[in-house]
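Under our numbering, the letters of the sequence shown match residues 9 to 692, in that order. Input: a single structure, listed below in structure tokens.
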Amino acid sequence: MVKTKDIRNVALLGHGGSGKTSLLEAALYLTKGTDRLGKTTDGTTVSDYDPEEVKRGFSISASLAPVKMGDKKINFIDTPGYLDFAGEVTQALSVTDTALIVIDAKAGVEAGAEIAFDRAGEFANSRAFFLNRMDEDHVNFDGIVDELRDIFGKSVCPALYPIFENHKTVGYIDLLQQKAFRYEKGNRVDFEIPAEKAAFVEKAREMLLEAVAETSEERMDKYFGGEEFTQQEIFDGVHDGITSGSLIPVYCGSATELEGIDFLLNEICHCFPSPLSKATAKDAEGNTIEITEGGDTSLFVFKTIADPFVGKMNYFKVMTGTLKRDDQLKNSKSGQVEKFAHIYEIKGKKQTEVDALPQGDIGVIAKLAATNTCDTLSAKGNVSYLPIAFPTPYLAMAVSGKDKGDEDKISSSIARLLEEDLTIKLKNNAETKQLVLYGLGEQHLDVISSKLKNRFGISVDLKPAQVAYRESIKKSVKAEGKHVKQSGGHGQFGVVQIEFSPSDEEGLTFTESVFGGSVPKNFFPAVEKGLQECMSRGVLAGFPLVGLKANLFDGKYHPVDSSEMAFKLAASAAFREGLKNAQPTLLEPIGTLNVLIPDALMGDVMSDISTRRGQVLGMNPAEKKKGYTVVEAKVPQSEMGNYVVTLRAMSQGRGSFDYVVDSYAEAPSNVAQKVIEEAKKAEA
């Protein structure tokens, strides 16, 4: 069993298509973890094994694959690069110590790299860059490094420097050990550093040594004293700098050509932090707790897969102690004791049973009865780690089955998917009578639709969800309602006169001022009940009515034929008749929108909010993000349907927002007319 100090937990992050999956594939192949080099285009990689990933040619879920290097173990978690699957990135960052951000060297620093850098910072993960596709012609390595330093600060410095001839990479220089090497037919060959590259190498190495010097006062004194660092001091300084975040190394190579990957793996083993280097966690209240080596066993479940054949599979990280086969741990949330009869390492979809997993390691267990994502299990059940804060899904689509009778199946099947994807939300909207599915984007919802069909055999249609409007009135009116039927024998008789008026209260405010017993008191509740039932459907477009005051001031009754039902129906008639003349109005839901956006895009965001009938309330510099501003506005919900897509396109994913409906306001006449016409068409 590997020791905790020899474990490295690394999340692979970056812009979509930058080569994260290919990098992992190369690492597995070079370390004999696989016997062939898979390709994303062929659907043959270890980490992209889900049928949806194979079909689409990119990652949609976080996938675990350990790489063994002698006595070291690197747990790589390959993550999607597309923002629709940001929840998977969040899961990976919650249990890893370092984020390795992959950049397409030909494309340069894309938005996905910036987003990944910020996300890793939110989890206090160490960070490093890998410039992939260095085998391409005309790669501007120095330009990319300069751009990285401009964006992320002077702590960014190269650790491996490429050698170019005729605009093509022909070798690399290890700046830590000042050695040059190249690859010939897959083999690494050392050679002398070319004399003409000495000045470039010296400049790049100086960046590295400055960063090493800043990792301790002792190293700083030695550096400014003109003394040379020993090789071990450089390695120790790089490790300390990466661990603390004061040094962000830049590596480079080509995943498909297997260049620079062996160097990267060696650096991860010797310079990246182990679980003991950053041994802290957050408890359920968000307080930082120190994690010591050994002690009672506890683990945190960070991911769940609902496999229709194998059943539920929980991915976990051993936080303290050592997890052994047949251990029994208690779930701190449910109180359920779970037995770990079989524990596994997992490489993509391949499971390998093991006897034990040490602190800091990551594994999988199948078929736990009462354990889900974000649960903590421990020997005594007295430990709870902070649950993962997943992104909020805002793109709402009404989901319905293409075949009759599939509604119940849809709900139960999505409930299964909810076990593995906590960025999905399903809501049965009683007001619009729609089953509404929420996701992070169009691709996200498209994948969910495909999973419903492929896993559960359910074909669904998705269309924009309806907005839950309200109705109200603007003036007071008096109305009479009658329910009189005489058909021989016992009849039905009830007459009410009610004054309707606007109210500041949310629902119905019912009063009575009947004089002389024209309506007996025992019928008052029936009148109120009749009005309450009518409140669920207004007279304009059938939306719930709010803010109504109704005063029963007169009426008639019959000592034999009057009944509660008669007065209830009479009240309903008065409601329908009176509200038509009370200037009924449509109220639309209004929400508070807070947009976090780069300053350079402020004008675009403000203009877009204006086109959505929004009202900007204020702008404030972002507290924790330099160069960003938070724009606060009030925007109608009906205008927010595609906002997540628009903002993402406008900002290349750099912008984010939250939105909460918190009030209602009278809808403009053109909006109201359109809603009313659509409601009438739906009823026809």
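Yeah, the Cβ is synthetic: ideal placement off N, Cα and C, and Gly gets one too.
Item: Over what stretch of residues does the alpha helix (DSSP H) that includes Cys542 continue unbroken?; Value: Phe532 to Cys542
Item: Are the segment 39-47 and the segment 157-170 touching by the rule of at least three beta carbon pairs closer than 8 angstroms?; Value: no
Item: If we count Cβ pairs, one from each stretch, closer than 8 angstroms, do we get three or more for the segment 52-68 versus the segment 138-150?; Value: no
Item: Going by DSSP, what residue range makes up the alpha helix (DSSP H) through Pro257?; Value: Careful: Pro257 lies outside any alpha helix (DSSP H), inside the beta strand (DSSP E) at Ile256 to Cys260.
Item: Taking the beta carbon of Gln505 as the centre, do at least 16 other beta carbons fall within 10 Å, making it buried, or is it exposed?; Value: buried
Item: Counting Cβ pairs, one atom from each stretch, are 3 or more of them under 8 angstroms apart for the segment 508-525 and the segment 553-570?; Value: yes
Item: If you measure between the beta carbons of Leu284 and Lys13, is that distance less than 8 angstroms?; Value: yes
Item: Pick helix, strand or coil for Leu385, following the three-state DSSP scheme.; Value: strand
Item: Could you tell me the alpha carbon to alpha carbon distance between Tyr323 and Gly253, rounded to whole angstroms?; Value: 27 angstroms
Item: Tell whether a beta-carbon distance below 8 angstroms holds between Met321 and Ala406.; Value: no
Item: Taking the Cβ atom as the reference point for each residue, do Met614 and Val639 lie within a distance shorter than 8 angstroms?; Value: yes
Item: Per DSSP, His491 forms a beta bridge with which residues?; Value: Gly502
Item: Of the choices Ala675, Phe665 and Ala113, whose alpha-carbon is the least far from that of Leu594?; Value: Ala675
Item: Based on DSSP bridge pairs, tell me the residues matched to Lys332.; Value: Ala364
Item: Does the beta-carbon of Arg16 have 16 or more other beta-carbons within 10 angstroms, so that it is buried, or is it exposed?; Value: buried
Item: If you count every other CB in all the chains shown that lies within 10 Å of the CB of Lys693, and 16 or more means buried, which is it?; Value: Residue coverage of the chain in this structure runs from 9 to 692, which leaves residue 693 outside it and unanswerable.
Item: With respect to the beta strand (DSSP E) encompassing Ile171, which residues constitute its N-terminal and C-terminal limits?; Value: Leu168 to Glu173
Item: Is the beta carbon of Ala590 closer than 8 angstroms to that of Lys483?; Value: yes
Item: Going along the chain, which residues of its own chain have a beta-carbon closer than 8 angstroms to the beta-carbon of His278, five neighbours each way excluded?; Value: Phe243 and His247
Item: To the nearest whole angstrom, what separates the beta carbons of Gly249 and Cys260, a pair I think is in contact under 8 angstroms?; Value: 19 angstroms between Cβ atoms; not a contact.
Item: Check whether the Cβ of Glu488 lies closer than 8 angstroms to any Cβ atom in chain C.; Value: In summary, chain C is missing from the structure at hand, where a single protein chain is found.
Item: Closest to Phe149 by CA distance: which of Asn195, Asn628, Ala574 and Ala115 is it?; Value: Ala115
Item: Got a sec? Which residues, its chain only, sit under 7 angstroms from Asp607 by beta carbon, not counting five neighbours each side?; Value: Gly635, Tyr636 and Thr637
Item: For the alpha helix (DSSP H) containing Met573, list its first residue and its last residue.; Value: Glu572 to Lys588
Item: On the DSSP bridge list, what partners appear for Leu217?; Value: Answer is none; Leu217 lacks a bridge partner.
Item: Under the DSSP definition of a beta bridge, which residues are partnered with Cys165?; Value: Pro257
Item: What is the rounded straight-line gap between the Cα of Ala695 and the Cα of Glu301?; Value: Absent from the model: residue 695. The displayed extent of the chain is 9 to 692, so no value can be given.
Item: What residue ranges within the segment 114-147 form continuous alpha helix (DSSP H) runs of no fewer than 4 residues, ordered along the chain?; Value: 119-130
Item: Am I right that Phe66 and Tyr90 are in contact with their C-beta atoms under 8 angstroms? What's the rounded C-beta distance?; Value: 7 angstroms
Item: Report the residue from Ile123, Leu266, Asn174 and Val164 whose alpha carbon sits nearest the alpha carbon of Val147.; Value: Asn174
Item: Buried or exposed: Phe531, going by 16 or more other Cβ atoms within 10 Å of its Cβ?; Value: buried
Item: When DSSP labels each residue in this structure, what does Ala378 get in the three-state scheme?; Value: coil
Item: Going by other Cβ atoms of all chains shown within 10 Å of its Cβ, with 16 needed for buried, is Gln623 buried or exposed?; Value: exposed
Item: Do Leu394 and Ala292 have their beta-carbon atoms positioned less than 8 angstroms apart in this structure?; Value: yes
Item: Helix or strand or just coil, what does DSSP make of Leu307?; Value: strand
Item: Out of Ile605, Ile276, Ser306 and Ser671, point me to the one whose CA is closest to Arg662's CA.; Value: Ile605
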